[in-house]
Amino acid sequence: MAKKVKTEYICTDCGARFPRWTGKCGECQAWNTLEERLVQNHKNTLVAAQEWQHADPVDLLRLEDISYQEQDRLPTGLGELDRALGGGMVPGSLILLGGEPGIGKSTLLLQSAYYMAERLNHSVIYVSGEESAQQIKSRAQRLGFTHSEHFRLLAETEMQTILALLEQEKPQVVIFDSIQSVYDGRLANAPGSISQVKNTCNLVMKLAKQKGISAWIIGHVNKDGDIAGPKVLEHMVDTVLYFEGERYRSFRLLRTIKNRFGATHEVGVFDMTGVGLEEVSNPSSLFLAEYDGESSGSAIVPTLEGTRPLLVEIQALTYSSYANFPKRSANGVSYQRLNQIVAVLEKRVGLNFSKFDVLVNVVSGIGIEEPAADLGMAMALVSSFRNVALNPHTLYMGEIGLGGEIRSINQIERRLSEGFKLGFKRAVVPERSLPLKESFAGMEIIGVKNMIQALKTIPAEKTTTETAL
26 MAKKVKTEYI CTDCGARFPR WTGKCGECQA WNTLEERLVQ NHKNTLVAAQ
76 EWQHADPVDL LRLEDISYQE QDRLPTGLGE LDRALGGGMV PGSLILLGGE
126 PGIGKSTLLL QSAYYMAERL NHSVIYVSGE ESAQQIKSRA QRLGFTHSEH
176 FRLLAETEMQ TILALLEQEK PQVVIFDSIQ SVYDGRLANA PGSISQVKNT
226 CNLVMKLAKQ KGISAWIIGH VNKDGDIAGP KVLEHMVDTV LYFEGERYRS
276 FRLLRTIKNR FGATHEVGVF DMTGVGLEEV SNPSSLFLAE YDGESSGSAI
326 VPTLEGTRPL LVEIQALTYS SYANFPKRSA NGVSYQRLNQ IVAVLEKRVG
376 LNFSKFDVLV NVVSGIGIEE PAADLGMAMA LVSSFRNVAL NPHTLYMGEI
426 GLGGEIRSIN QIERRLSEGF KLGFKRAVVP ERSLPLKESF AGMEIIGVKN
476 MIQALKTIPA EKTTTETAL
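Numbering-wise, the sequence shown is residues 26 to 494 according to the numbering used here.
Next comes the structure, spelled out in structure tokens:
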């Protein structure tokens, strides 16, 4: 009787294994990607293990035996981009830039490439897999770029052709626009597939490390907000940057999600104009350009993006609800955080929001994740509830606990310094964060332990008698 051969089915895209054939892979959801392969028996596994035991020996290294010299970073020509990278590009690093279509990724790197080539004399090659050379030329003319001896363009998608050219030219910087458009002809998968994206990124990484080339790859973002393709792409690269912004606003935020050579969660700010992206050296003044402080429900909060303090305006609106379930809407802040603060105000302060709809919005579309904005959000809610405008020269910062206490926050001096430069004269801060390590002459610092003490800083006069504490 013939011995039965065991087989399994392996997805050629993601490598998932299945005991039987199906039309679609259960992991990556790709169709017709399963291939039948033999299952290795226990004997083969033992033979393979014995072969590993006879492999060539390797040497272990001590830290003191490793020669290392700090390398000078390459400036990108854009100060805000250098800030996000931690001071510039490290030679041999692989950087991933992600963002939604049309947000300005190609414009940002084209500007940086031209500045590096024209002003800094860096050798730059821009590999365009999605646009023709004529389209790149048209965008460059709109940006005011004429010619540069050190900037060269390559409109090609076949990876082996690109690598051969790069090894010959040996540029200091190479830009791939985008990683989903280039492909390795040795693979049968279509460009943009999971196998192609992983393979091409691995080839670019090897080139960057071996030749000391600073490599940029642009990655598209899918509907869930992640880099299109396998998530492992973010683990392969050295730095991950996200380019963000609202469709109907001109400013853009460049966030650092991962950085092996610097701090994470740094942010660069740009303004999209008719002649390209312009750096915003003082983003707080941009975010507060339309703030007048005359209306109720508005509070200024100093938030931190990485090591950079930003002053943003939080607006709140409460109005009578005629529905059985009052509406809660949060834009720029966590919806769960809003519900938590409303619950604290009801339980610890005595405000009744059960018959009011509550809307909270962070002006300029910036998102706030840190809990240090809790106090500013709560003060904006109370200001709208009582219809009393807050002091327009006051900053509010602090985390609110479920007991109504105001908890300490980090880097309070950095936040106060940003407000002091913009002319704010007063700040309500957690008492637990005092005393300060720095002094701010002319700025009144008010420490509060809980929400009851914080509400006493609101002006006493009221403009309406509809509600009261």
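All C-beta atoms, glycine included, are put in the ideal place defined by N, C-alpha and C.
For residue i, which three-state DSSP category applies?
i: F410; result: helix
i: L178; result: strand
i: M476; result: helix
i: V222; result: helix
i: A240; result: strand
i: F312; result: helix
i: G301; result: strand
i: I455; result: Per the sequence shown, residue 455 should be read as Pro rather than Ile. Three-state result, P455: strand.
i: M114; result: strand
i: A355; result: strand
i: P334; result: strand
i: H260; result: helix
i: Q54; result: coil
i: T101; result: coil
i: D399; result: helix
i: E33; result: strand
i: A74; result: For A74, the predicted model reports a pLDDT of 47, less than 50, meaning its position is unreliable and no value from the coordinates is stated.
i: D90; result: helix
i: G390; result: helix
i: K380; result: coil
i: D107; result: helix
i: N364; result: helix
i: F21; result: With the chain covering only 26 through 494, there is no way to say anything about residue 21.
i: A189; result: helix
i: R274; result: coil
i: Q340; result: strand
i: L145; result: coil
i: G127; result: coil
Please tell me whether, using a cut-off of 7 Å, the distance from the CB of residue i to the nearest non-hydrogen atom of the ligand SAH is below it.
i: E155; result: Of ligands this structure carries none, so the ligand SAH is not represented either.
If residue i and residue j are in contact, beta carbons under 8 Å, what's the gap, nearest whole angstrom?
i: V305; j: L311; result: 6 Å
i: V454; j: M402; result: That belief does not hold up - the Cβ atoms of V454 and M402 are roughly 15 Å apart, past 8 Å.
i: R274; j: F295; result: R274 to F295, Cβ: 12 Å. No contact.
i: K283; j: V265; result: 4 Å
i: E125; j: V246; result: 5 Å
i: S203; j: E259; result: Incorrect: roughly 15 Å between the Cβ atoms, too far for contact.
i: V198; j: H147; result: 6 Å
i: Q340; j: A405; result: 6 Å
i: E338; j: Y316; result: 5 Å
Note down, in chain order, each residue of its chain lying with its Cβ closer than 7 Å to the Cβ of residue i, except the 5 sequence neighbours on either side.
i: K68; result: Because the pLDDT of K68 is 46, which lies under 50, any placement of that residue in the model is unreliable, and the question is left without a value.
i: Q436; result: L329
i: G467; result: K450
i: L336; result: S309, F312, L313, I325, P327, E443, G444 and L447
i: K474; result: E430, I431 and E456
i: P116; result: Q96, L99, G237 and S239
i: C39; result: C50, E52, C53 and I219
If you measure between the beta carbons of residue i and residue j, is that distance less than 8 Å?
i: I187; j: V152; result: yes
i: A240; j: L228; result: no
i: G129; j: F43; result: no
i: S346; j: K352; result: yes
i: G322; j: L342; result: yes
i: I391; j: V358; result: no
i: I483; j: V413; result: yes
i: V292; j: R333; result: yes
i: I243; j: S131; result: yes
i: H175; j: V207; result: no
Within the same chain, show all residues whose beta-carbon is closer than 6 Å to that of residue i, passing over the 5 residues directly before and after it, in chain order.
i: I477; result: none
i: D263; result: S118, L119 and R285
i: S318; result: The sequence shown places Gly at residue 318, not Ser. Cβ neighbours of G318 beyond the five flanking positions: P417.
i: S354; result: L384
i: E61; result: T32 and Y34
i: A180; result: S153, S157 and A158
For residue i, collect the residues of the same chain with a Cβ closer than 8 Å to its Cβ; drop the 5 residues on either side in sequence, then sort them by chain order.
i: D19; result: Not covered by the structure: residue 19. The range shown for the chain is 26 to 494.
i: L137; result: Per the sequence shown, residue 137 should be read as Ser rather than Leu. For S137, where only same-chain residues beyond five positions count, the Cβ hits under 8 Å are T101, G102, L103 and L106.
i: S173; result: Y139, A142 and E143
i: R373; result: G428, G429, N475, M476 and I477
i: F381; result: T343, Y344, S345, S346, P351 and F410
Quick one: Cα of residue i to Cα of residue j, how far?
i: T37; j: I120; result: 27 Å
i: G472; j: R440; result: 15 Å
i: L135; j: A452; result: 42 Å
i: G375; j: V369; result: 9 Å
i: T32; j: T58; result: 16 Å
i: E183; j: P196; result: 19 Å
i: A165; j: G299; result: 12 Å
i: T281; j: M297; result: 19 Å
i: S92; j: G127; result: 44 Å
i: L212; j: A109; result: 35 Å
i: I434; j: A55; result: 47 Å
i: V83; j: D90; result: 15 Å
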